[in-house]
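Heads up, the thing below is written out as structure tokens.
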Amino acid sequence: METGMLHLHNVLRWVILLLLLVTLYQAFTKKESIRSSSLWLMIAAHTMLLIGLYQFIAGRYGITKGLPEGVELMKDSFYRFYWVEHPLLMIVAIILITLARGKAKALNYKNTGWLLLIALIFILVAIPWPFREAGAGRAWFPGM
Ligand code: HEM
């Protein structure tokens, strides 16, 4: 179950990035189909939030497992990333995607575009890319 959740969390990142780019493109080219793409994006983002919360609470590095002996949260780059930076930035990005959905529904292309652009930057910064330092980096695809 834990591995399945992690794999899903890994793959869904690509779905979200793809939907974000499509929806952003539609915002800048003023396409009415933004109504449905923004909805799918919001559904994917909220699913990610639920899986993320599960991992954050009950996953192998979840808060209920506690910090290992001698580790100080804000001084340890691995735990600081997975307990603070990653969840915080991603939750803000998901809130922005949710706000963007409201704007997209009203065909307010400009505000949708800006909200999604900021969300995209937050997500790109907070993803544990393989080249990330201090052991926090993860594979491009699950099981790699
Ligand atoms: C758009 C939103 C998000 C994206 C794109 C994202 C992306 C990722 C990726 C790619 C990984 C590495 C998966 C792997 O090792 O194969 C990861 C791990 C993790 N994410 Fe997220 N995430 C998002 C939201 C969240 C949220 C909202 C939370 C918590 C509330 C969260 C908590 C975690 C935790 C705790 C891990 C480490 C799990 C472990 O190693 O056991 N994520 N995330």
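-13 is the number of the first residue of the sequence shown in the working numbering; add one for each residue after it. All residues carry an ideal CB built from backbone N, CA and C; glycine is no exception. What you are looking at is a predicted structure, and each value in this text was computed from that prediction instead of being measured.
Sequence-distant residues of its chain with Cβ nearer than 6 Å to F67 (five each side left out): A122
Residue environment, K89, which counts as buried when at least 16 other CB atoms sit within 10 Å: buried
Y65: CB within 7 Å of a non-hydrogen atom of the ligand HEM: no
Beta-carbon contacts of R21 that lie in its chain and below 8 Å, excluding the five residues immediately before and after: A90, K91, L93
Opening and closing residue of the alpha helix (DSSP H) in which K17 lies: Neither: K17 is in no alpha helix (DSSP H) and is coded neither H nor E.
Distance between F64 and V180 (C-alpha atoms, nearest Å): As displayed, the chain neither begins before -13 nor continues past 130, which places residue 180 out of reach and without an answer.
Residue ranges of each beta strand (DSSP E) within the stretch 29 to 93, 3 or longer: none
Sequence-distant residues of its chain with Cβ nearer than 6 Å to R124 (five each side left out): P114
Exposed unless 16 or more other CB atoms sit within 10 angstroms - verdict on T(-11): exposed
Cβ neighbours of L82 in the same chain (closer than 7 Å, five flanking residues each side left out): L101, I104, A105
Simplified DSSP assignment, three categories, for G123: coil
Check: M28 C-beta below 7 Å from any heavy atom of the ligand HEM: no
Near the ligand HEM: K113 beta-carbon under 7 Å from a heavy atom: Just to set this straight, residue 113 is Ile in the shown sequence, not Lys. Yes - the ligand HEM has a heavy atom lying nearer than 7 Å to the Cβ of I113.
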